[in-house]
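Undergrad: Mind having a look at this structure? Questions to follow.
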Amino acid sequence: MTYKYFKEEEFVCSETGENKISPEFIRRLDELREACDFPFHITSGYRSPNHTIEKAKIKPGTHAQGIAADIHADNGIERRKIVEEALKLGFGGIGVAKTFVHVDIRTTSPVMWTY
């Protein structure tokens, strides 16, 4: 599948080299990138259930399901824009940190958190 802004290789698990990122998620992320109108650098995409972070959890999270990514944000303006547009586009999970914004397309109750 071809995307406007992303390549599947950008979502490879940093520890195992696996990549089970959802094509639907990348399509939705493409829409978010278009809406924000600035480049996205993905700091974390797919994470294998064997990734250190996922193994520490009771149950692997949305990264391990292939439906999440962390997007680097240089400043508060970018963080806010990513959050605003992600909400408009119906992303179900949004986490805000100092240097990145987590977005996912979970289908359970929508949630937002800070790190």
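Each residue of the sequence shown is one higher than the one before, starting from 530 at the first, in this note's numbering. Every residue gets a Cβ at the ideal spot worked out from N, C-alpha and C, and that includes glycine. A quick note: this is a predicted structure, and the numbers were derived from the prediction, not measured.
Grouping DSSP H, G and I as helix and E and B as strand, with all else coil, what is phenylalanine 629?
TA: It is a strand residue.
Undergrad: Using a threshold of 8 Å, state whether the C-beta atoms of leucine 561 and glutamate 613 are closer than that.
TA: Contact flag unset, no.
Undergrad: Does the beta-carbon of methionine 570 have 16 or more other beta-carbons within 10 angstroms, so that it is buried, or is it exposed?
TA: One point to set straight first is that residue 570 is histidine, not methionine, in the sequence displayed. The residue is exposed, with fewer than 16 neighbouring Cβ atoms inside 10 Å.
Undergrad: Which of the three DSSP states is assigned to threonine 636 in this structure?
TA: Three-state DSSP puts threonine 636 in coil, outside helix and strand.
Undergrad: Output the residue ranges of the beta strand (DSSP E) runs that lie fully inside the segment 559 to 624 and measure 3 residues or longer, sorted by chain position.
TA: 571 to 573, 597 to 601, all fully within the segment 559 to 624.
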